[in-house]
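Peer 1:
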Amino acid sequence: MPETVGDPDIEMADRSHVAAQWTREIIHTSYVAMGRPEIEAFLAKCFDDVLAACDGPLESARLVGERLVEVHFTNPVVVRKTLDHLASVLLRYREVDQARLVQVLGAVGSGFAGALREQTLDEQEIIKQSVLDARDAAEEALRASEARSRAVFTSSALGIAIAGLDGVIDEINPSMTRIFQLGNGSLVGRTIFDLADTAWIGELVAANAELVRGEVDRYQLEIRFTEQHGSHIWTQLSASLVRDARGAPDYLVMLYEDITDRHMLQEQFRRQAVHDPLTGLANRTQLQTSMERALDPTHPGRRVGLCFFDLDGFKAVNDSLGHPVGDQLLRAVAQRLQALTAEFGALAARMGGDEFVVLVPDTAGAAGLVSKVEKMLAEVTRPARIGAHELAASASVGVVERPVAGADAESLLRDADVTLYRAKQDGRAQWVLFDADLNAEARDRFKLSAALPAALDQGELFVEYEPVRLLDDRALFAAAAGIRWDHPEFGELGEESFLDLAEETGLITRLGSWALEEVCRHAAHWFERFGERGPIAAMNLSHRHCRDPELVNDVQQILRETGLSPESLALGMPESALFDHQGDAVDTVEIFAEMGIKLIVYQFGDDYTRVARLRGLPLFGVRIDGPHLAGFADPEGPDPLDEYLLGAAAGAAALMDLPVVAGGVHDELQAERLRALGVRSAIGAFAGERVSALELEELIADSE
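One point on numbering: in the UniProt record's numbering, the residue at position 274 of the sequence shown is 274, and numbering is uninterrupted.
1) What did DSSP end up calling Asn283 once you bin it into helix, strand or coil?
2) For the beta strand (DSSP E) containing Gln220, name the first residue and the last one.
3) What residue range is occupied by the uninterrupted alpha helix (DSSP H) comprising Gly65?
4) Spell out the partners DSSP gives Trp200 in its beta bridges.
5) Starting from Val253, follow its DSSP beta bridges and name the residues at the other end.
6) Which residues does DSSP pair with Asp312 in a beta bridge?
7) Could you pull the DSSP bridge partners for Leu492 from this structure?
8) From Val304 to Ala409, what does the alpha carbon distance come to, in whole angstroms?
9) Report yes or no: do the stretch 315 to 324 and the stretch 245 to 264 share at least 3 C-beta pairs separated by less than 8 Å?
10) Below 9 Å between beta carbons: does that hold for His275 and Gln286?
11) Is it right to say Thr198 is buried, meaning 16 or more other beta carbons lie within 10 angstroms of its own, or is it exposed?
12) What is the DSSP secondary structure of Gln466, reduced to helix, strand or coil?
13) Ser703 to Leu599, Cα distance in whole Å?
14) Enumerate in chain order the residues of its own chain whose CB-to-CB distance from Lys424 is below 6 Å, with the five nearest sequence positions on each side excluded.
15) Specify the secondary structure class of Ala405 as computed by DSSP and reduced to three states.
16) For the candidate residues Glu567, Val188, Leu182, Thr154, whose alpha-carbon lies nearest to that of residue 732?
17) Quick check: the Cα distance between Ala416 and Leu452, rounded to an integer number of angstroms?
18) For Val360, which three-state DSSP category applies?
19) Determine the closest residue to Ile386 out of Glu401, Arg402, Arg331, with distance taken between C-alpha atoms.
20) Among the residues of its own chain, which have a CB less than 8 Å from the CB of Phe686, if the five just before and after it don't count?
21) Thinking just about the alpha-carbon of each residue, which of Ala405, Glu38, Gly406, Val400 is nearest to the one in Val418?
22) Am I right that Asn540 and Tyr602 are in contact with their C-beta atoms under 8 Å? What's the rounded C-beta distance?
23) Which residue or residues does DSSP assign as beta-bridge partners of Cys307?
24) Could you tell me which residues DSSP pairs with Asp258 in its beta bridges?
25) For Glu375, count neighbouring Cβ atoms within 10 angstroms of its own Cβ and tell me buried if that reaches 16, exposed if not.
26) Could you compute how far the alpha carbon of Leu58 sits from the alpha carbon of Asp49?
27) Could you check if Tyr421 is buried or exposed, using at least 16 other CB atoms within 10 Å of its CB as the buried criterion?
28) Phe434: which of Ala87, Leu412, Arg529 sits nearest, CA to CA?
29) Along the alpha helix (DSSP H) that carries Leu551, what are the first and last residues, could you check?
30) If you drop the 5 nearest sequence neighbours on each side, which residues of the same chain put their C-beta closer than 6 Å to that of Ser290?
31) Determine, using beta carbons only, whether Val18 and Cys54 come nearer to each other than 9 Å.
32) To the nearest angstrom, report how far apart Val216 and Glu210 are at their CA atoms.
33) Between Ala693 and Val357, which are expected to be in contact by the criterion C-beta below 8 Å, what is the C-beta distance as a whole number of angstroms?
34) Measure the C-alpha to C-alpha separation of Val89 and Arg135 and round it to an integer number of angstroms.
35) Going by C-alpha distance, which of Thr74, Glu697, His263, Gly512 is nearest Leu476?
36) Hey, would you say Met176 sits closer than 9 Å to Ile201, going by beta carbons?
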């Protein structure tokens, strides 16, 4: 039997060494939430208890085994290494026989095994309870989930149908019955294809087949269904495929959303986008789309026709009876056109205002189209009862009929519009067929009308003068101004080419004021150079310019700025512009006369019933023009009627003591015959060709 260590300090050091060795043996076999020093201290205490068991009760050795489990030294290797280690070192510290050693080590192992068994049982109980709790929770969650799913299925506003892969409906929710308005009739047993109109079934079958084959997991379609009373039900169908546990297609879930109201609203918006809100006819947008279809050359020789209608005098209806009555008249005309065009297979559209367009696809020629136009005109002009009024509208129509090949919508509309313009010019209340040459002239007028404002700004316009000479001695008496246009495309144009356009567009006032300033500036220069020998500057004002409320102020300002004396200016005014609507002379006449401006009445004698109104007005003279003057240049003499009319006009002027100036006098013979009738002065080739302001200045200088 070995000797035990007698010195306590040495014995303590040895026990620490034992604990350190023990630590090295087992530290890597189990996880312990302690550092190495704490483990060594713990094992040193355990070693003391084992030593105590060698001499006393085995309980302390059993507790060592339990404590090893408590600190989680639970790996099976721990037991083996612990027992091996204790067996090798215990005899160094205690005299113990082999049997006692086995008992001590057995107690350690027994305590370890018992504690480990209890710990395992406890853990198993915890796991068992956790499993039971988890199962209960899962079952409760499943019940709650099923309840929620059932609640959603039952109360959903969406219609839900569960269908087999063949499309047969197995189950529906209450919303399906409500959406499809089937009353007590059940949808179960019917197919999803029964819930679509024929036109939508093909698309539904194709989409559903892809879903069943698993090529897609879902699809969405808008479908229409017509219920038993004939009303349409629009639904948005969202279909999904549900697979079984093996991933194979199992059944279908169909969600139906009632979008009838939304669809109707969209249809209303679409209709508003392509229809005129007042008349219900097609608008420009729909007309453009229809024209593109009509101009598609689907077959050789296809032709198309376009009729541009404009109501004559419609503004008078609005002004006299009010816009509500005018709107009702437009609706009546639109309804008649709509009814007739439906018979012709044509489209009626409103362009705006009182303008309508009828598009006739696949015409058989101009003659057939014209017969349709005459029917439409007869229908449009038929009297319409609007409230207490019976109104008979008239219309002018521009008609274009041509092959589709080479045609386009823009040129078709433009040519119809220009042809309508010609119909208006030719007297209204009639149709006019497109003529390429005449339309080219009209288009040129439109070009001039559009370019005139820019021409005025860019200095393309200038003033030239026709000398006015006395017939007695051929003295240069005055200079009649005329506006010319140096057009970049059409060359030099006289005012007869564009003054009417300026009158129509309202530009005449601005143009007239510009020309008047030019004339006064030239005349002021002549007076400055030649004094009293300077000619009177004469310029005609248009009817619209005469009515301009700022005319007097403009004339006064121009005279001040140019320095021209009013006595050196003669203004021509048409006879109709001298009087207001009540037949009284306008104030402008008196104001100009008081200023010293000479007033000339042009277009004198055009209406002999109104000549007497000029009596007593402060006028300087009258001017006569017209085709009846040309006969006076004929060597055989003028036509007796022309001579009588001109003589009557000159005689009336003489009775009112108004000198007469004649325009368009070409030669000496014509001048002499006119002088014999009382004409005092002349304009034309006899008096001299048109010249610039500088050239006129040279004429004045040469006449000295």
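Quick reminder that beta carbons are idealized off the backbone N, C-alpha and C, glycines included.
Peer 2: Walking through what the data contain:
1) coil
2) 218 to 226
3) 59 to 70
4) Paired residues: none, contrary to the question.
5) Ile162, Ser240
6) Ser394
7) The identity of residue 492 in the sequence shown is Glu, whereas the question assumes Leu. Bridge partners of Glu492: Asp486.
8) 11 Å
9) no
10) yes
11) exposed
12) Note on residue identity: the sequence assigns Glu, not Gln, to residue 466. Reduced to three states, the DSSP call for Glu466 is strand.
13) 26 Å
14) Ser396
15) coil
16) Because residue 732 is not part of the residues shown, which for the chain are 1 to 704, the question remains open.
17) 24 Å
18) strand
19) Arg331
20) Arg469, Val665, His666, Asp667, Glu668, Gln670, Ala671
21) Val400
22) 6 Å
23) Val358, Val399
24) Thr235
25) The amino acid at residue 375 is misidentified as Glu; the sequence shows Lys. Exposed: under 16 other Cβ atoms inside 10 Å.
26) 9 Å
27) buried
28) Leu412
29) 551 to 562
30) Leu347, Leu359
31) no
32) 6 Å
33) In fact, because the Cβ distance is near 49 Å, the residues do not count as touching under 8 Å.
34) 52 Å
35) Glu697
36) no
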